[in-house]
Amino acid sequence: CKIELFDKDNYQAYVSTAPGWMLNMMKDYDGNPYARLVEMAKLAQKDGVIKGILMHQGESNTGETTWPGKVRLVYENLIKDLNLKPENVPLLAGEMVSAAEGGACASMNAIIATLPQTIANSYVISSEGCAGTPDHLHFTPEGYRILGSRYAAKMLSLMGYNISVK
């Protein structure tokens with residue numbers, strides 16, 4: 168889906184144009200993925216502390232230079248709705264399948280790379296070397312594991328730990 172589906176004030180405009188298969192999937196989120204995300208995060212806050220926000224999105228917004236600003240809106244709404252401090256809660260955003268791996272949306276990585284210019288406490292997680300599947304959109308299981316280890320390494324480094332991953 169496009170990032171617009173997580174715009175808490177305007178998601179209905181996106182929903183009104185969504186294909187039927189997506190509408191069926193949205194039922195799992197009570198028709199409002201942003202509200203469901205906030206609901207689950209508030210449940211998590213009852214027993215824990217939110218240390219960061221991980222995001223992997225962009226395929227549906229490929230080529231849209233306005234994407235970082237849309238992500239900032241979602242991030243700022245999450246910070247506000249969850250009563251968080253942006254300086255304490257970084258946003259980690261992963262790249263799409265890279266051009267070297269034949270990624271159909273690899274051009275979006277240049278736009279994703281600008282995210283730290285829009286959101287001060289944000290970081291881009293590289294997908295270089297993460298193998299893609301034949302659909303040229305998704306990672307292989309091993310590719311997802313490598314990407315996940317990079318998310319973890321970055322988050323742990325922001326928390327003061329020093330680990331290395333491939």
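Note that this note's numbering has the sequence shown beginning at 168, numbered continuously upward.
Heads up, the beta-carbon is just placed ideally off N, CA and C, and yes, glycines get one too.
In this text the structure is predicted, and so the values were computed from the model without any measurement.
Of the listed residues ILE217, MET189, TYR178, nearest to VAL241 (C-alpha basis): TYR178
Among ASP302, THR232, GLY215, the one whose alpha carbon lies nearest that of ILE279: THR232
Those residues which DSSP pairs with PHE306 across a bridge: GLY299
Bridge partner(s) assigned by DSSP for VAL291: ALA260
Contacts around ALA266, its chain only, beta-carbon distance under 6 Å, and the 5 residues preceding and following it disregarded: ALA273
Option in GLN224, ASP174, THR184, ILE217 with minimal Cα separation from PRO253: ILE217
Straight-line Cα distance separating GLY269 from ASP302: 9 Å
Distance CB(TYR318)-CB(LEU245) smaller than 8 Å: no
Terminal residues of the beta strand (DSSP E) in which LEU221 lies: 220-222
Among ASP197, GLN224, MET222, CYS297, the one whose alpha carbon lies nearest that of ILE313: CYS297
CA nearest to the CA of TYR311, picked from ASN276, GLY261, ASN288: GLY261
ILE279 (DSSP reduced to helix, strand or coil): helix
Cβ distance (whole Å) where MET193 is taken to contact GLY225 below 8 Å: The pair is not a contact, with the Cβ atoms about 19 Å apart (cut-off 8 Å).
Unbroken alpha helix (DSSP H) run spanning LEU190, endpoints: 187-193
Candidates TYR196, GLU206, ILE292, PRO200: closest to GLU171 by CA position: PRO200
Assigned exposure category for PRO186 - 16 Cβ within 10 Å defines buried: exposed
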